[in-house]
């Protein structure tokens, strides 16, 4: 018990240290902070006031994405805060904020003194990125209500709350397992050998394989759990989310951790959708529904209302 | 000879009307809800599904004697995946704009229950010719359903059909919103059920 608590403290300290390091490391003593804003702006915070003539000059800055130093991004507008410590660069196009950007501030002038050239790295906080992928897959782009995937299984297993929860949990386990295997296979086999055109064939095989694997492992490791959730395993293969997640993580070139977050978000999002729907459908059974609407039609209309409600999440975005 | 053409014709219309994949069997609902916003999208995905269905049916019908019953499902899946890869690459090369509009759904044809179901129920037991007609009927049935949904949503949402202005105004923008897909599919199903109930009632009254 004591041991585990000490481990937890250690991990927490490590995480905090990483956060602090990631937030402060800008590469120049006069620059306090650099950050993305609104998708097409970069904000630089200086330790002291800079000269306006220097700050407003577009030639003072050079910005490019880390992998392509040759392509300088065109700056449209430069804003300076009243106390002259904050410079906002607005770009012509939207920035790819998932990518680290290099910002070169040439010969920074402050109160008439030159402070040398600063080469700065601008990037999103990695935890923020992971969290945004997770929340994005779970709520903002919920696979059922905003991407319309996995509907057959969704309508098939949302009649009872107990079935819905069982299916959701089983699906989450399998999808995380399958997505991690897909990521390894994609990064270390398919891409290096330029076999990405085989994505579909490989991933569908992988999903069936991981269903079989989870089946075998669960049967041996935890028979009680297998008894409860085993029946849903076959249904996972028929769920198009299971094949969509590997395809999405391959298309976006996600890293291992990002893929894990995407798969977890997709699984839990499916669980949330199933739970909401089954709660509504249990109530529907007691309602007086017109005969031609009974069964699937009314379920579709309820799902439509849920989808409308989930539209509300689209305004939410985490940077 | 005459009797065979008749069976082929029956097979063909079976997929379009009696066993329509979307409205009657309620399979492959994802694309029906997801990308039926315009007639064009429905048409293109319909063509892709038609292609995959016909070719997979024929392939399985050709190989049915050599497939061990125990590995038949993986064989079906791999066959479908192969044909989906083919249509995916062809569409990406020759119709890049439409391919982008359909997004991930072209790749997801591999998980459409209707295709696997037809292979299991029909193609693995019948001749190549019969499977071809069955696949064609099912594919066209899917295309027909997708286009019907597309017409309703495009007409009510944008006032256009296939991009041509028909009404001159936009009655209900709501129908173009993605979430309206659920409502339209639900209402269409209810309509089909209603017709069936009325039809059966009349039949009973006649007797």
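Protein chains in written order, with this note's numbering: chain A, -15 to 303; chain B, 9 to 215.
Ideal Cβ placement from N, Cα and C applies to all residues, glycine included.
Because the structure is a prediction, the values reported are computed rather than measured.
Residue environment, residue i, which counts as buried when at least 16 other CB atoms sit within 10 Å
i, result
"residue 117/B", "buried"
"residue 218/B", "One cannot answer for residue 218/B here, as it falls past the ends of chain B, which runs 9 to 215."
"residue 115/B", "buried"
"residue 27/B", "buried"
"residue 110/B", "buried"
"residue 79/A", "buried"
"residue 162/B", "buried"
"residue 242/A", "buried"
"residue 25/B", "exposed"
"residue 44/A", "buried"
"residue 46/B", "buried"
"residue 77/A", "exposed"
Distance between residue j and residue i (C-alpha atoms, nearest Å)
i, j, result
"residue 21/B", "residue 266/A", "38 angstroms"
"residue 55/A", "residue 22/A", "22 angstroms"
"residue 224/A", "residue 92/A", "54 angstroms"
"residue 61/B", "residue 213/B", "40 angstroms"
"residue 84/B", "residue 84/A", "44 angstroms"
"residue 193/A", "residue 52/A", "39 angstroms"
"residue 71/B", "residue 164/A", "34 angstroms"
"residue 39/A", "residue 66/A", "12 angstroms"
"residue 222/A", "residue 96/B", "20 angstroms"
"residue 149/B", "residue 50/A", "50 angstroms"
"residue 212/A", "residue 12/A", "58 angstroms"
"residue 202/A", "residue 262/A", "26 angstroms"
"residue 130/B", "residue 16/B", "13 angstroms"
"residue 17/A", "residue 94/B", "49 angstroms"
"residue 283/A", "residue 140/A", "10 angstroms"
"residue 18/B", "residue 134/B", "15 angstroms"
"residue 104/B", "residue 112/B", "13 angstroms"
Beta carbon proximity, residue i to chain B, threshold 8 angstroms
i, result
"residue 202/A", "no"
"residue 120/A", "no"
"residue 192/A", "yes"
"residue 253/A", "no"
"residue 180/A", "no"
"residue 238/A", "no"
"residue 280/A", "yes"
"residue 207/A", "no"
Residue j beta carbon less than 8 angstroms from that of residue i
i, j, result
"residue 197/B", "residue 274/A", "no"
"residue 51/B", "residue 146/B", "no"
"residue 247/A", "residue 159/A", "yes"
"residue 70/A", "residue 29/A", "yes"
"residue 129/A", "residue 254/A", "no"
"residue 135/A", "residue 41/B", "yes"
"residue 259/A", "residue 150/A", "no"
"residue 81/A", "residue 89/A", "no"
"residue 155/A", "residue 256/A", "no"
"residue 122/A", "residue 299/A", "no"
Beta carbon proximity, residue i to chain A, threshold 8 angstroms
i, result
"residue 41/B", "yes"
"residue 190/B", "yes"
"residue 66/B", "no"
"residue 85/B", "yes"
"residue 110/B", "no"
"residue 160/B", "no"
"residue 119/B", "yes"
"residue 133/B", "no"
"residue 156/B", "no"
"residue 93/B", "yes"
"residue 97/B", "yes"
Heavy atom of the ligand HEM within 7 angstroms of residue i beta-carbon
i, result
"residue 159/A", "Questions concerning the ligand HEM fall outside what the structure shown contains, since it holds no ligand whatsoever."
Reference residue i; option with closest CA among the options
i, options, result
"residue 120/B", "133/A, 129/A, 61/A", "133/A"
"residue 72/A", "289/A, 284/A, 27/A", "27/A"
"residue 65/B", "79/B, 86/B, 165/B, 78/B", "86/B"
"residue 190/B", "197/A, 156/A, 131/A", "131/A"
"residue 108/B", "209/B, 74/B, 48/B", "48/B"
Contact set between residue i and chain E, taken where Cβ atoms lie within less than 8 angstroms
i, result
"residue 285/A", "Although the question refers to chain E, the structure presented lacks it and instead comprises the protein chains A and B."
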